[in-house]
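Sequence order for the protein chains is A and B. Add 727 to the 1-based position in the first sequence for my numbering, that's all there is to it. Add 1 to the 1-based position in the second sequence for my numbering, that's all there is to it. C-beta atoms are modelled at their ideal positions from N, C-alpha and C, and glycine is treated no differently.
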Amino acid sequence: MDLTLNIWRQKDAKSKGRFVTYQLKNISQNCSFLEMLDILNEQLIMQNQEPVAFDHDCREGICGMCSLYINGRPHGPDDAVTTCQLHMRKFKDGDTIVVEPWRARPFPVIKDLLVDRTAFDKIIQDGGYISVNTGAAAEANNILVSKTSAELSMDAAACIGCGACVAACKNASAMLFVSAKVSNLALLPQGKIEAKSRVQKMVSKMDELGFGNCTNTYACEAECPKLISRSNIARLNREFFCAKIA
Amino acid sequence: MAELQAKIPNGPLAGKWTNYKDHQNLVNPTNKRKLDIVVVGTGLAGASAAASLAEMGFNVKIFCYQDSPRRAHSIAAQGGINAAKNYPNDGDSIYRLFYDTIKGGDYRSREANVYRLAEVSNNIIDQCVAQGVPFAREYSGSLENRSFGGALVSRTFFARGQTGQQLLLGAYGALSRQIKLGMVTMYNRHEMLDLVIVEGKARGIIARDLVTGKLERHFGHAVVMATGGYGNVFYLSTNAMGSNVSVCWQVFKKGAYFANPCFTQIHPTCIPVHGDYQSKLTLMSESLRNDGRIWVPKKKEDAEKHRKGQIKAKEISEDDRDYYLERRYPAYGNLVPRDVASRAAKERCDAGFGVGPTGLAVFLDFEGAIKRLGKHVIEERYGNLFQMYEKIVDENPYENPMMIYPAVHYAMGGTWVDYELMTTIPGLYALGEANFSDHGANRLGASALMQGLADGYFVLPYTIQNYLAGEIRVPRMSTDKPEFEDAEKNVRNRLEKLIGIKGSKSVDYFHKELGKIMWEYVGMGRNEQGLKKAIELIRALRKDFWKDVRITGSLEELNPELEKANRVADFLEMGELLALDALTRNESCGGHFREEYQTSEGECLRNDLDYMYVAAWEYLKDGEFELHKEPLKYEEIEVKQRIYK
Chain A
728 MDLTLNIWRQ
738 KDAKSKGRFV
748 TYQLKNISQN
758 CSFLEMLDIL
768 NEQLIMQNQE
778 PVAFDHDCRE
788 GICGMCSLYI
798 NGRPHGPDDA
808 VTTCQLHMRK
818 FKDGDTIVVE
828 PWRARPFPVI
838 KDLLVDRTAF
848 DKIIQDGGYI
858 SVNTGAAAEA
868 NNILVSKTSA
878 ELSMDAAACI
888 GCGACVAACK
898 NASAMLFVSA
908 KVSNLALLPQ
918 GKIEAKSRVQ
928 KMVSKMDELG
938 FGNCTNTYAC
948 EAECPKLISR
958 SNIARLNREF
968 FCAKIA
Chain B
2 MAELQAKIPN
12 GPLAGKWTNY
22 KDHQNLVNPT
32 NKRKLDIVVV
42 GTGLAGASAA
52 ASLAEMGFNV
62 KIFCYQDSPR
72 RAHSIAAQGG
82 INAAKNYPND
92 GDSIYRLFYD
102 TIKGGDYRSR
112 EANVYRLAEV
122 SNNIIDQCVA
132 QGVPFAREYS
142 GSLENRSFGG
152 ALVSRTFFAR
162 GQTGQQLLLG
172 AYGALSRQIK
182 LGMVTMYNRH
192 EMLDLVIVEG
202 KARGIIARDL
212 VTGKLERHFG
222 HAVVMATGGY
232 GNVFYLSTNA
242 MGSNVSVCWQ
252 VFKKGAYFAN
262 PCFTQIHPTC
272 IPVHGDYQSK
282 LTLMSESLRN
292 DGRIWVPKKK
302 EDAEKHRKGQ
312 IKAKEISEDD
322 RDYYLERRYP
332 AYGNLVPRDV
342 ASRAAKERCD
352 AGFGVGPTGL
362 AVFLDFEGAI
372 KRLGKHVIEE
382 RYGNLFQMYE
392 KIVDENPYEN
402 PMMIYPAVHY
412 AMGGTWVDYE
422 LMTTIPGLYA
432 LGEANFSDHG
442 ANRLGASALM
452 QGLADGYFVL
462 PYTIQNYLAG
472 EIRVPRMSTD
482 KPEFEDAEKN
492 VRNRLEKLIG
502 IKGSKSVDYF
512 HKELGKIMWE
522 YVGMGRNEQG
532 LKKAIELIRA
542 LRKDFWKDVR
552 ITGSLEELNP
562 ELEKANRVAD
572 FLEMGELLAL
582 DALTRNESCG
592 GHFREEYQTS
602 EGECLRNDLD
612 YMYVAAWEYL
622 KDGEFELHKE
632 PLKYEEIEVK
642 QRIYK
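Below is the structure:
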């Protein structure tokens, strides 16, 4: 298929960016979206132009490194996939595709389509774990976890930290991301001990870093490549209120 | 020249590790504060080591090339992690896990290291559960296990098809906690580009800030590399795009030996190659072989029709299907180890029974399992894998059997280390996939996660103290020292040279060409003639690369092409060593199959008399390497032929 690409180009964090239009011909339907960008970059290098910078690594939908806002949707037009799992069969011959970086103040652009997501790491550093030292663990089967809790915890733990939820949200809220980690741990007996301080610390860090508030549009859930449920946000709210009251 | 001293403790096998810990040197708490440790890589091994060392009180600096430590490729491991808990009461024990791992490695791994691995495996599960890793549970609330290739017991713990992700997030949590406490300094989007050696000891690294492009000097009393495997030397592999051999190669050039590079694992269940634009291969977890049955058509006509799209798999009757693994290996059936399963698939495809448009695929069929267990059970067990398959191939695997083919997956070889995980450079340690010691010639499923975490949580934090106890009087060094300055200058020269070539071909062109050579001549089947040819071709390609590669942009900015070029330059040297090692090892064992050495039934023909050693290579100069041998002695087990029939 032949495509027209409108891609956001920005030299560095300080420079002003703009859209640049590129033409691509003979792209296979079986190509992944990032492989299509590889082909574009190969073409640009041959023309002595600078290739488009974008984040990517595992290319199998699990590392969370790839991003991209494609035709107005984080990770593009398919559901429950990351950009690296998006295939060109989801587009038509002759399509124009608009590619932008994640747009959210806490995720500043570094170059072209690359953004800085260290804000997510900072939130996790403020309590997104169980404080256990190596060697201090008890025999594993001494901690029993009901199958239901383990499954719900795993549903939340499937978050890959890509930031699509923030990019999708009109308020750039990180509620889905934070709630996934809070739920993952609060649902397990091991995680209950620190649950109260964890939720308060993580929420205040999220606010401090400039993420917006949740106004319940659930765009985050709709665009999450790992189908993290908004019910985690409800759980986060409950955990937060309980922690404040107690 | 460094001597090969494996430093294996004395005494009976089962007591060696305890004996070691009882007598090793320790560093007292006030001195720990005065010691800096550089850790490179944030995967299971690196993150767990950094967190554990920081908890103990050492100052840690940790580096990763990704934007966050949580992205390291350990995250992609699907199936599970082994431990000798014996929860299912099926007769498992530390000895059995040790034995299966040694046997699975085709008697080419170091006995004492593997025993220690099995010994600490149970601690790993305890640790991960305490961290909140949501492992699968029984209805009673206790931990669930499943079976995996190469074992007759169920000893694999798992978190759906995302075990690596969950374990890594556990280690990432522990690491994050130490970052918050100020014990670890995190350097994301940084890449190590050289090791700094002062008076014969590893004392730091040169790293490049990948955002600004600036070179930085970092001091450490010791340096720990946990930088993963070199599968991307084949270009197409299941590794992440950024996975590379560069740190192993930098330290190799500075005196750390490289062991068993020819032991590479080809994973049997991957999605087949579909086009020349393809950038990576996707693995389908080995756990699928628990319920899926592997087959090809019995008749060549049926295979041919399938290749042309004239017939569907379902239309081939039961009698016309060849379940070749069950036929050849009735005892293990579809659960034979990876190397055996991969070679058997290649054998069928080479003989003309392959299916799919390219003829390089076999079926992995769940029809029977769906009938037996119901679709919902299969969905619960493998739902995310089936979804992944459908997204890539655009075909529903609940209705049509999956098509799979082997792909490069794991590197058993790596930087040589002794029992303490120290390389031949004092003060430099290698952990996880980056070292060579535990998997021999073939790794069993669910053992990589075990090894990464064993090294990081439970081995290195002890053994490194044995070294650091002697370094407490060494003050932090200034990075203005000439050793740092020289190392930085060399890195700068190399990067400037790369950018200055301004040739006509892209970095990817060279990487793909290298991959083609490696897969053709150094892949699943190797022979003398092919390996010699590969070495010639790689040398020519390397020459061309240094004359004709085109890198856009400059040194002092974010420049992905430059990053790739630097890594490919190392692969172009490493590929030659891999081929040379394969050429030197005149036997077949595990993942290394030399066509000249096979039984009449096409199985590996090992030569224990002449090749029961670790091949540790020393770098002399460009394209010149010297072989050192570490003989492997098995004291507690009888070395046998590996039979899975």
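- Against Thr283 of chain B, the close residues of chain A are Glu787, in the order they occur along the chain (beta-carbon pairs closer than 7 Å).
- Under DSSP, Met404 of chain B shares a beta bridge with B:Phe364.
- Counting along the chain, the unbroken alpha helix (DSSP H) around Arg308 of chain B starts and ends at 301–308.
- In the DSSP annotation of this structure, the continuous segment of the alpha helix (DSSP H) that includes Arg382 of chain B starts and ends at 376–394.
- Note on Gly369 of chain B: under 16 other CB atoms within 10 angstroms of its CB, so exposed under the neighbour-count rule.
- Pairing Ala449 of chain B with Lys503 of chain B, the inter-Cα distance amounts to about 40 Å.
- The Cβ-Cβ distance between Val475 of chain B and Tyr108 of chain B does not fall below 9 Å.
- Burial state of His377 of chain B is exposed, judged by a 10 Å Cβ sphere holding fewer than 16 other Cβ atoms.
- Of the residues B:Ala137, B:Asp366, B:Gly353, B:Glu562, the one whose Cα lies closest to the Cα of Lys299 of chain B is B:Gly353.
- With distances taken between CA atoms, Gly162 of chain B lies nearest to B:Gly80 out of B:Gly80, B:Leu284, B:Ala442, B:Asp545.
- Judged by their CB atoms, Gly862 of chain A and Gln128 of chain B are nearer to each other than the 9 Å cut-off.
- Residue contact with chain A for Val115 of chain B: absent (no Cβ-Cβ distance below 9 Å to any residue of chain A).
- The C-beta of Pro13 of chain B has fewer than 16 other C-beta atoms within 10 Å across all chains shown, which makes the residue exposed.
- Using a CB distance cut-off of 9 Å, Asp765 of chain A counts as an interface residue toward chain B.
- When the Cα atoms are used, Arg34 of chain B and Asn60 of chain B turn out to be separated by approximately 6 Å.
- For Tyr796 of chain A, the secondary structure class from DSSP, reduced to helix, strand or coil, is strand.
- Neighbours of Tyr88 of chain B in chain A, taken as residues at a C-beta separation under 8 Å, are given in chain order as Asn868.
- Scanning B:Lys8, B:Gly16, B:Gly105, B:Leu118 for the CA closest to the CA of Gln452 of chain B turns up B:Leu118.
- DSSP, read as helix, strand or coil, puts Gln750 of chain A in strand.
- DSSP places Asn733 of chain A inside the beta strand (DSSP E), whose first and last residues are 730–736.
- The shortest C-alpha to C-alpha distance from Leu36 of chain B to any of B:Thr283, B:Ile82, B:Leu27, B:Ser177 is the one to B:Leu27.
- Around the beta carbon of His24 of chain B, fewer than 16 other beta carbons lie within 10 angstroms, which makes this residue exposed.
- When Cβ-Cβ separations below 9 Å define contact, Gln927 of chain A makes no contact with chain B.
- Inter-residue distance for Ile797 of chain A and Pro804 of chain A is about 7 Å (C-alpha atoms, whole angstroms).
- Across the segment 803–822 of chain A, CB contacts with chain B closer than 8 Å involve Asp805, Ala807, Val808, Gln812, His814, Arg816, in sequence order along the chain.
- DSSP places Gln756 of chain A outside both helix and strand once states are collapsed to three, so it counts as coil.
- Apart from the 5 residues on each side of it in sequence, Gly183 of chain B has no Cβ closer than 6 Å to any other Cβ in its chain.
- In this chain, the alpha helix (DSSP H) harbouring Tyr612 of chain B covers 609–612.
- Within the segment 358–382 of chain B, not one residue has a Cβ closer than 7 Å to any Cβ of chain A.
- Proximity of Ile76 of chain B to chain A, defined by a Cβ-Cβ separation below 9 Å, is satisfied.
- Phe834 of chain A places its beta carbon less than 9 Å from that of Ala899 of chain A.
- Counting every other CB atom within 10 Å of its CB across the protein chains shown gives Gln530 of chain B a total below 16, marking it as exposed.
- At least 9 Å separates the CB of Val747 of chain A from every CB of chain B.
- Within the segment 162–249 of chain B, the runs of beta strand (DSSP E) that reach at least 3 residues and sit entirely inside it are, in chain order, 185–188, 191–199, 202–210, 216–220, 223–226.
- Within the same chain, and ignoring the five residues on either side of Thr823 of chain A in sequence, the residues whose Cβ sits closer than 6 Å to its Cβ are Thr731.
- Rounded to the nearest whole angstrom, the C-alpha separation of Ile312 of chain B and Lys347 of chain B is 22 Å.
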